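These protein sequence lines are chains A and B, in that order. Letter 612 of the first sequence, counting from 1, is numbered 612 in UniProt numbering, and no numbers are missing. Letter 602 of the second sequence, counting from 1, is numbered 602 in UniProt numbering, and no numbers are missing. Quick reminder that beta carbons are idealized off the backbone N, C-alpha and C, glycines included. Here the structure is a predicted model, which is why all the values come from computation and not from measurement. Taking it in order: structure first as structure tokens, then the write-up.
There are 2 protein chains.
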Amino acid sequence: MESNKTSQEQKPKVGSIKNKIVAQDLEEERKKANFDIKELTESYFGGKEKLEQHNDHISVMENDPILRNTEKWYDMTREEQIEHNFKRARRTYEINKEKYYHNYEVSYIPWFSAMFQGIFPFGLTMSMFSLCIQQLGDDEQVAKWLPLVKQMKMIGCYAQTELGHGSNVAVILEQVQYFQGLETTATFDKEKDEFILNSPTITSTKFWPGELGKFGGWAVVYAKMIINGKNHGVQPFMLQMRDTETYETLPGIECGDIGPKFGYASKDNGYLILKNVRIPRSNLLQRYVNVDREGHFTIKGDLRSLYSVMMFIRVSIAIGAAKTLGVALTIGTRYAVVRRQFSTQDGTKIERKLLDYQTHQFKYTPLLAYTYAFNFTSLALMEMHQQLLKDMKTGNFGLLDLAHHLSSGYKASYTRICYDGIDTIRQSCGGAGFLAWSGLPTLQTDYAPNTTFEGDNTVMHQQSARLILKTIKNIQRGFKPTGIFDYFNKFEELLSKKGQVKGSADLLCLVNLENALAVRSAFKIKTTAMKMATSQLSENEKANSAFSVDMVSMAHAHIMYVTFKYFLNHIENHPYKCPKVKENLKNLARVYALTELLQDSVSLYETGFFTVGNAQHLLEAQKEAIAIVRPQMIPLVEALAVPDSYIVSAIGNSYGDIYETQLEWAKNSKLNQTSVLPGIKEHILPILHGKL
Amino acid sequence: MESNKTSQEQKPKVGSIKNKIVAQDLEEERKKANFDIKELTESYFGGKEKLEQHNDHISVMENDPILRNTEKWYDMTREEQIEHNFKRARRTYEINKEKYYHNYEVSYIPWFSAMFQGIFPFGLTMSMFSLCIQQLGDDEQVAKWLPLVKQMKMIGCYAQTELGHGSNVAVILEQVQYFQGLETTATFDKEKDEFILNSPTITSTKFWPGELGKFGGWAVVYAKMIINGKNHGVQPFMLQMRDTETYETLPGIECGDIGPKFGYASKDNGYLILKNVRIPRSNLLQRYVNVDREGHFTIKGDLRSLYSVMMFIRVSIAIGAAKTLGVALTIGTRYAVVRRQFSTQDGTKIERKLLDYQTHQFKYTPLLAYTYAFNFTSLALMEMHQQLLKDMKTGNFGLLDLAHHLSSGYKASYTRICYDGIDTIRQSCGGAGFLAWSGLPTLQTDYAPNTTFEGDNTVMHQQSARLILKTIKNIQRGFKPTGIFDYFNKFEELLSKKGQVKGSADLLCLVNLENALAVRSAFKIKTTAMKMATSQLSENEKANSAFSVDMVSMAHAHIMYVTFKYFLNHIENHPYKCPKVKENLKNLARVYALTELLQDSVSLYETGFFTVGNAQHLLEAQKEAIAIVRPQMIPLVEALAVPDSYIVSAIGNSYGDIYETQLEWAKNSKLNQTSVLPGIKEHILPILHGKL
């Protein structure tokens, strides 16, 4: 065993936040940038204006001593986090009032959510609660309640799910059936002109709504409306839960927090038990339904409009997937170019950067490719959704099916990849990623609900599959689909296509890659549709028992192809001035497609698109594509513009300070406020002293 | 919208712990058992005797008011959990002393670890610390320290990793090189006959060792031994850190907890900074090395023995993977037969059981197959390891390479599948799985370190790959491998084999499935070995840069094949009396193999084992195999014998009580001890009242 003094001396300096020193390795990686980072950042945010707004929000958060994110957060109990965030919520209210109040709904959410550590207390009030009033209330109700919500004089939540009934959104768009199975009742008392709300069973307990437990004073409660013993289906009612002066719960209302969770520690997801709670008839949200003084029930307008509320959340979730994966990548990639492990470089004892291990690159580069792809696709979906909202006002529901198809599919595919990606990154940082100071544990656990809430991903893929199958049926009836379904017109051509792949170069060609993804999707769609068409089973059995795995797999393959198309479309059509920006995005598009094919290319062997030998070409192509991206990894990750003040990471900050701050935060953490922990003297020392 | 009264009335009753009622659905599933559950349970535990011992441990834990696990645990702060577990540690000491003391090392660990909620405080003392003394101490040191450890008069830890240096176990067995890069120094002071321990840099701070922060009074510290300015490599030293009377740290020692983490909340992973700490020369653990009074350094014996310590941990981790996955399955499967969602059954409005959705079955059945396979394989590895320990005492290291190969490979493949499996199960329970009361969040986060500690999984797969590549080289030199490498002798035959798969039935045949897995592994090994043999790159570049993804993929395929072989071997050779036990295990073996092939069968298309159409046959076969297992899911899961007292789950208990207890625990949880939370009056009411 020899001395390794030499290697110690030459080891590149890591960063120091305290001394404002940037790690040598990180600095060198930055110098490799071959493109206009600013231009890419602007397009990533959806335009210069949006980026400037975002930067403005960041500077507000960073410069405010109450709002500024802190590593102490990781070490707080739930109670402390919640109280801390009440304080911050108040501060956002103050700032919002003086600075952003010009357009409350649009501007408030982005400015804090861009930066807020933990789950923002007013989150539900400002999204679901406010949307419900706007979308489900009639003009009078909107005029009465919305201003109060805007002024934060009503803090509310969205009380739909029950202990026995999840976000049971069995939306068959042709036949809107919300909230099957909900058990809470709203019985009309004609005499007093009131509804009486009740939770008749344990399973009817409202369970899970955010801000229901402790924070919300109001709730939009979904309950089965019963008039004269007749059930008129589940309808939304406005309910005041707490006294405005004392904030104690009102009579007949029992509510509270549901307890500790995997993540979302600072959110008071709650339960609510109702016992003969009376509300005026006018508290029925009545844009689409009406109950008159005599108890006559009528439906007004098109119930499909209701669906837009839920869809908005899914569109936001799709955008959030890209953004969150970008945060994890920022932390992990910086760590991977500063942290070195094992002397495995020829001619030197200096350890190798994590990111210079092929296995590490194979984890990170695909995730970066997904981030850019998902971001641009989601921005396009957001535009489509806004168009839909406009159209619906004139009774045009033309975009509804497509927006439902995409928002369900994106939600399912993107959130799974994002969640798994954060976990991969966390694990790739070893112990440092397991430690809260990295920022990754909280990022992962707070992101976790995205795969299951607002429609479980498996159900969402099945929802997304519906329009695919419907389109196939329509084609058989002579329909010619366009847009993202355009490729359905040429299934025969696709399924007989030969890839002619003779080497890795053939798989670095974007046209070939697009074809490959189209063929894969076409094959899955065709075989699934065929099996379902020829099966003698009932529709229920086909969709839930016999072919549901086929449907999920098909929907995912289709969504990943569509995403690729939109991504290429963005690259081709966005007016980038710097040609290298386009080139880098194209390189990422290659990695995207190759990642997909490396995971699942059996369909291509089945159709004959791939032949013997192509598996090796595929792997070689990915190695080459990843090697091309490697020098641009740090610039491409930092183009996502995630500020230090947001990530609060002792290993992924912009200084490449991966040790000093970690140790400092550790030293200052809670358990170290006492030298000898409570319980040692009472329980452990007697053992040590042989006195037990 | 119609009334769904009818369906409400017919809905099967869920369970109630309070009223000792078992859910109707769960009861019916249990009745379907077609095999001798007890016989399977016994073999799962490695024999009747071990099962009885295990049950004995369970009853001790269940019946002791201090030791009994509680749902309160999920709602405790780190400080509370740690203090609570000090109390319980004391109680285990008392019970152990009176009941189990006959064989301390062997019996203590299994009896508490089988049942203990959170991470046991004495865990490191009794494993790594105790093992170090036994393995690294000379006879005199063992005689001096081991009895004290056994009596718990020395509580210690294993201080190896540093802030800048992970569990850097670059073990090249041919040339043992431990702990590359560690920076802590132990400088010999000849005059005083002492070593002086120092942490010369920030990165040399000992970081991560369990029980180092607050609990351990002693540590085995790894430090670079310097005598007369010469570096003699990293060696282990015994260090007292805390005063036995007061438990305050001794002069020159700064240590503490490293902070909050993703999981392991109750474990005090710590840091340690040493400043001129003097220890006697005799504190060098000197079974394999010696420094005499004059400072002369000598090496004694075979350093490979050291490796057995680390290997023992990996073998335990492999067994732990199966056991932990079994816990998650117990919770999730029970929930999936009681929880019903969506009216998707023909002829009834009663909602469908989660487990009657094909997508749900495709998640659960493979995980159950892995659980049984990993368990039986790990038990065999444990036997091999014990043989190795015996052999080594007589200087026979024959089994070392193989045991290293298997323990690294199992560790990497099994822990990844187990961790991902827990996560899949947690997500499949939707909101209920996200809530701590399910037991799943803690299970997942406390299991999480397994994929990264004791050798990161990527590195472990690369380690495991070494013996594969070495064996290939040896074959070229005329060597004929046996045992698990037997199939290497017939690569040519395997790679030209045709599967002759004409329908799903051909893929339900175990011989065909074994061939398929062998072909897949053979193809990957052959292509990787060939590419590496013909490459002109240096060994470093080949292993870390050019072909490391190939190596990882190859090692995994090989390990999964070997596991299948061992699993089949167990089924064939274990003297089961009930033929249905064998039949059920065979059904699970089919699911195991089909799951593997559905994930990755490209190699089979490449070799021609699979031909066009086989993808559909494969999926059909899996659907059939899973459908066969479906009625036995609950009996097969409950044969794993996971007691309610261990899982502490409000959704996965043996009563099928999935609602009542959940709500009760929620109501009693911490945040609900106050009606109006601190901060509401100060920060929120002023907003509500328009006073801000």
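At a cut-off of 8 Å between C-beta atoms, B/Asn540 counts as an interface residue with respect to chain A. Between the region 181 to 191 of chain A and the region 120 to 139 of chain A, the count of C-beta pairs closer than 8 Å stays below three; the two stretches do not touch. Taking a beta-carbon distance threshold of 8 Å, A/Leu517 does not count as an interface residue toward chain B. Put simply, the CB of A/Thr324 is far from chain B, with every gap to its CB atoms at 8 Å or more.
Chain B has a Cβ within less than 8 Å of the Cβ of A/Ile155. The beta carbons of B/Val315 and B/Met382 sit closer together than 8 Å.
Minimum Cα-Cα distance from A/Lys18 among the listed residues A/Trp665, A/Leu692, A/Asp243 and A/Gly398 corresponds to A/Trp665. A/Gln632 sits in a helix when the DSSP states are folded into three classes. With a threshold of 16 other beta carbon atoms within 10 Å, A/Thr528 meets it and is buried. Residue nearest to B/Leu618 within the set B/Leu124, B/Lys206 and B/Tyr592 is B/Tyr592 (criterion: CA-CA distance).
For B/Ile226, DSSP records a beta bridge to B/Thr187 and B/Asn231. A/Phe523 and B/Ser266 have their C-alpha atoms roughly 51 Å apart. Spanning the alpha carbons of A/Val220 and A/Gly455 requires a straight line of approximately 19 Å. Proximity of chain B to A/Ile258 at the Cβ level (cut-off 8 Å) is accounted for by Leu435, Ala666 and Ser669, in chain order. Annotation: A/Ile273 is outside any alpha helix (DSSP H); the continuous beta strand (DSSP E) that includes it extends over Gly270 to Leu274. With a cut-off of 8 Å on Cβ pairs, the region 639 to 649 of chain B is in contact with the region 437 to 449 of chain B, counting three or more such pairs. Taking a contact as a CB-CB distance under 8 Å, the pair B/Tyr364 and B/Leu329 counts as one, their CB atoms being some 7 Å apart.
Under the 8 Å criterion on CB atoms, B/Tyr659 is classed as interfacial with respect to chain A. Here A/Val612 is exposed. Its C-beta has fewer than 16 other C-beta atoms within 10 Å. Within the same chain, Cβ atoms closer than 6 Å to the Cβ of B/Glu29 are found at Val337 and Ile634, the five residues on either side in sequence being excluded.
Taken through DSSP and simplified to helix, strand or coil, B/Lys691 comes out as coil.
A check of alpha carbon separations from B/Gln160 across B/Val581, B/Ser204, B/Leu148 and B/Leu510 identifies B/Ser204 as the nearest. Bridge pairing for B/Ser16: B/Ile21 [DSSP].
Residue environment for A/Glu245: exposed (fewer than 16 other C-beta atoms within 10 angstroms of its C-beta).
Under DSSP, B/Ala159 forms a beta bridge with B/Val221. Taking the C-beta atoms as reference points, B/Ala412 is found no nearer than 8 Å to B/Phe564. Interface flag for B/Asp75 against chain A is set, since a Cβ pair is found closer than 8 Å. Selection A/Gly166, A/Cys157, A/Asp257 and A/Ala627 evaluated against A/Leu239 yields A/Cys157 as nearest (Cα-Cα). Interface annotation, B/Thr359: in contact with chain A, CB-CB separation under 8 Å. Within chain B, the residues whose beta carbon sits less than 9 Å from that of A/Lys87 are Gly679, Glu682 and His683, listed in sequence order.
Taking 8 Å as the cut-off between beta carbons, the residues of the region 136 to 153 of chain B near chain A are Gln151, Met152 and Lys153, in sequence order.
Against chain B, the beta carbon of A/Asp64 has no neighbour under 9 Å; the closest one sits roughly 15 Å away. Among the residues of chain B, those whose CB is under 7 Å from the CB of A/Ile202 are Tyr659, Glu660 and Leu663, following chain order. Setting aside the 5 residues that flank it on each side, B/Thr41 is surrounded in the same chain by Leu51, Ala639, Leu640 and Ala641, each with a C-beta closer than 8 Å to its C-beta; the list follows chain order. If you look at A/Phe485, you'll find it isn't in any beta strand (DSSP E); DSSP assigns it neither H nor E. As computed with DSSP, A/Asn290 is found in a beta bridge with A/Thr298.
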